[in-house]
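In the working numbering, the protein residues as written are 5 to 71.
Ideal Cβ placement from N, Cα and C applies to all residues, glycine included.
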């Protein structure tokens with residue numbers, strides 16, 4: 005059973021149905037960030053650095069709530 009789950013839609017990528025799962029927050033983040041680098045490359049390149057930091061902090065909050 006997977007302990008952690010994160011959806012692209014949780015972060016505002018509304019047209020993406022990807023769901024990352026992992027047994028640890030590090031495993032989940034590794035899978036999720038790999039997916040975003042590949043599947044959302046264009047959006048990330050156009051995104052302001054402040055927005056990237058906000059998304060990273062949102063990932064942390066979502067995972068903290070799953071503990």
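Setting aside the 5 residues that flank it on each side, residue 25 is surrounded in the same chain by 6, 8, 9, 32, each with a C-beta closer than 7 Å to its C-beta; the list follows chain order. In the three-state reduction of the DSSP assignment, residue 19 falls in the coil class. Across the set 37, 27, 47, the C-alpha of 47 shows the shortest separation from the C-alpha of residue 19.
No Cβ-Cβ contact shorter than 7 Å links residue 35 with residue 23. Looking at 21, 70, 61, the one whose alpha-carbon comes closest to that of residue 44 is 21. Spanning the alpha carbons of residue 42 and residue 56 requires a straight line of approximately 16 Å.
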